[in-house]
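A.B. asks: Residue numbers (the numbering used here): 901 to 1376. Backbone N, C-alpha and C fix where the C-beta goes; we use that ideal spot for every residue, glycine too. Quantities reported herein were computed from a predicted structural model and do not represent experimental measurements. For reference, the structure I am asking about is given below.
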Amino acid sequence: MPPFNMQPLKNPMPTQDANVRKGNFDEVALGYTAEQAISEAKRCIRCKHRPCVAGCPVNVKIPEFIGKIAEGDFEGAYQIIAEDSSLPAVCGRVCPQEKQCERVCTRGIKAGCESVGIGRLERFAADWHMAHEKALNAVTPPTNGHKVAVIGSGPAGLTCAGDLARKGYDVTVFEALHVAGGVLVYGIPEFRLPKAIVEREIDQLCALGVKIETNMVIGRVLTIEELKTEYGFAAVFIGSGAGLPKFMNIPGENLKGVYSANEFLTRSNLMKAYEEDSHTPIQRGKRVAVVGGGNVAMDAARTARRLGAEVHIIYRRGEEELPARQEEIEHAKEEGIIFDLLTNPVRILATETTDPRDPSFGWVQAIECVRMELGEADESGRRSPKAVAGSEFTLPVDCVIMSLGTSPNPLLKATTAGLNTLRRGEIEVDAVGKTSLEGVYCGGDAATGAATVIKAMGAGKIAARAIDEYIQSKEK
Ligand SMILES: Cc1cc2nc3c(=O)[nH]c(=O)nc-3n(C[C@H](O)[C@H](O)[C@H](O)COP(=O)(O)OP(=O)(O)OC[C@H]3O[C@@H](n4cnc5c(N)ncnc54)[C@H](O)[C@@H]3O)c2cc1C
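Put into structure tokens, the structure is as follows:
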């Protein structure tokens, strides 16, 4: 075993300079070199309890893969990760490791010490594999004669599809958009997750025999019932995500120049609206207000910044309460995003012209806000914000992006008799993802509401096992 590296802090992640990257869409984090990866891997002390494995929603064998990196066996490391995760290059980049595997890492317990950079090492192993693999090497398993339909090609659907294909199922993924990948392609920006990486991971699944049908809105083109009765799918997995944006319902939200974060990001990420010759327009605001403080708000703000705007994040609580990942907040600040904290919008104001022929008619001109203060903590322990009387002020802006969370789209519920949902539209499931309908399973954001990539993958995995058991039990 190589000697341990007892350096207290993680090897820093090389990144593009903030002044350069705020003007381009290239990836911000550049990844470890082999030397940096080996040095970081040697910080893992291979503790007996292995809390990191339980901290990972798909239980990647973390100490084992890190051990391989420490020995310089990078392909061996990748193969260990691939046993449990079908999207390692994605997870290494976007998983909130600080709340999962790295939160419980033994190296991070002592004051002044940081946990092992598990996410950075996962990314390194996955990137090394992609760079050195000559051709997609998946072997299509022999078919078992059963067809399974997967609705949605986000991390939940792709994971479920991959696991079932490996067991010999004939899997078809039906995707509403024209490109597969879910939020990985339409939501998370190129500068955090290059789309070529997502494509590569999807190609890997297709090489296993998974078929992907795009431009297929289930509930419109075909119903779940039709998939089962007319097209012979023995089971259906719903991984349709939570793409329905929430709004504040304040005056002016329907003005031109007001977007939901999902729409703004979809135009930029999926339709490449930031390219000069793109057919999809996007508002290149001079001054943009992004309302909200989560990861999606940071993505929208950093995208608007790259489109040339001065960007303000408007958030009703304080810095400590910002729900976004610390790393995203730091990157946003480095890129010059202005944080207007303890601030809440009251209304959005239009330009003054009343002439509909004037091109500026109906466009955003400013956002009126009120200052907030934090009151007593509520039952959840969060201090609730209260408006400070008489503190209203106006911020001139020409674009507003609402990033207040999302919920599952009601289309499948509306078109599928007997499919039970919960209060906020989440599809009701049991512990293995079974819905109220026989042979219909669900997982990811469609069942939990907006969550994380790795949780969606975990749910896809559990449901794939349950679908296999369901179909095999019917055989007997
Ligand atoms: C901008 C943004 C940034 C994020 N950043 C992070 C991050 O850094 N780290 C992290 O862990 N998580 C992040 N998340 C959350 C994470 O991406 C989601 O939790 C995850 O993608 C959920 O996966 P899913 O498979 O359930 O759904 P999705 O990824 O939403 O995929 C659902 C797919 O189903 C399709 N679909 C919907 N309805 C139908 C239908 N009727 N018929 C056919 N197809 C349909 C949709 O078009 C979509 O492609 C982010 C989310 C957003 C929006």
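Apply the 10 Å Cβ neighbour rule to Arg946 and answer buried if 16 or more other Cβ atoms are within range, or exposed otherwise.
C.D. replies: When all chains shown are included, Arg946 counts as exposed.
A.B. asks: In chain order, what residues of the same chain lie with their CB nearer than 7 Å to the CB of Thr1166, ignoring the 5 residues before and after it?
C.D. replies: So the qualifying residues of the chain are Tyr1086.
A.B. asks: Quick check: is any heavy atom of ligand 1 less than 7 Å from the C-beta of Ser1336?
C.D. replies: No, ligand 1 has no heavy atom inside 7 Å of this Cβ.
A.B. asks: Check for me: the alpha helix (DSSP H) holding Thr1166 runs from which residue to which?
C.D. replies: Where Thr1166 is concerned, the enclosing alpha helix (DSSP H) stretches over Ala1161 to Asn1169.
A.B. asks: Report the partner residues of Asp1177 according to the DSSP bridge assignment.
C.D. replies: Paired residues: none, contrary to the question.
A.B. asks: What are the start and end residues of each continuous beta strand (DSSP E) run of 3 or more residues lying completely inside the region 1033-1093, in chain order?
C.D. replies: Fully enclosed beta strand (DSSP E) runs of 3 or longer: 1047-1051 and 1070-1074.
A.B. asks: Does the beta-carbon of Gln1372 have 16 or more other beta-carbons within 10 angstroms, so that it is buried, or is it exposed?
C.D. replies: With fewer than 16 other Cβ atoms within 10 Å, it is exposed.
A.B. asks: Closest to Val1191 by CA distance: which of Glu1268, Gly1017, Ala918 and Met1302 is it?
C.D. replies: Answer by Cα proximity: Met1302.
A.B. asks: Ligand 1 heavy atoms versus the CB of Val1353: any closer than 7 Å?
C.D. replies: Yes, Cβ of Val1353 sits closer than 7 Å to a heavy atom of ligand 1.
A.B. asks: To the nearest angstrom, report how far apart Val990 and Ile1354 are at their CA atoms.
C.D. replies: Going from the Cα of Val990 to the Cα of Ile1354 covers about 9 Å.
A.B. asks: Does DSSP classify Gln1265 as helix, strand or coil?
C.D. replies: DSSP places Gln1265 in strand when its eight states are reduced to three.
A.B. asks: Strictly by DSSP, which residues pair up with Met1272?
C.D. replies: Note: Met1272 sits in a beta bridge opposite Ala1287.
A.B. asks: Could you check if Lys942 is buried or exposed, using at least 16 other CB atoms within 10 Å of its CB as the buried criterion?
C.D. replies: Label assigned to Lys942: buried.
A.B. asks: What residue ranges within the region 1326-1366 form continuous beta strand (DSSP E) runs of no fewer than 3 residues, ordered along the chain?
C.D. replies: Whole beta strand (DSSP E) segments, 3+ residues: 1340-1342.
A.B. asks: Hey, quick one: how far does the beta strand (DSSP E) through Arg1187 stretch, first residue to last?
C.D. replies: Start and end: Arg1187 to Val1191.
A.B. asks: What is the rounded straight-line gap between the Cα of Ile1238 and the Cα of Gly967?
C.D. replies: Going from the Cα of Ile1238 to the Cα of Gly967 covers about 42 Å.
A.B. asks: Around the Cβ of Phe1090, are there at least 16 other Cβ atoms within 10 angstroms (buried) or fewer (exposed)?
C.D. replies: A small correction: the amino acid at residue 1090 is Glu; Phe does not occupy that position in the sequence shown. Buried, because 16 or more other Cβ atoms sit within 10 Å of the Cβ of Glu1090.
A.B. asks: At a cut-off of 7 Å, is Val1117 close to ligand 1 when judged by its beta-carbon and the heavy atoms of the ligand?
C.D. replies: True, at least one ligand heavy atom lies under 7 Å from that Cβ.
A.B. asks: In whole angstroms, what separates the C-alpha of Arg1007 from that of Ile1018?
C.D. replies: Taking the straight line from one Cα to the other gives about 11 Å.
A.B. asks: Apart from the five residues just before and just after Pro1296, which ones in its own chain have a Cβ nearer than 6 Å to its Cβ?
C.D. replies: Here the set comprises Ala1266.
A.B. asks: Do you know how far the Cα of Thr1335 is from the Cα of Asp973?
C.D. replies: Between Asp973 and Thr1335, the C-alpha separation is close to 43 Å.
A.B. asks: Excluding the five sequence neighbours on either side, which residues of its own chain have a C-beta within less than 8 Å of the C-beta of Gly1185, listed in chain order?
C.D. replies: Around Gly1185: Gly1157, Ala1204, Leu1207, Ala1209, Val1297, Asp1298 and Cys1299.
A.B. asks: Below 7 Å CB to CB, which residues in the same chain sit around Thr915 once its five sequence neighbours on both sides are set aside?
C.D. replies: Here the set comprises Val928, Ala929 and Leu930.
A.B. asks: Is it right to say Ile1009 is buried, meaning 16 or more other beta carbons lie within 10 angstroms of its own, or is it exposed?
C.D. replies: Exposed is the call here.
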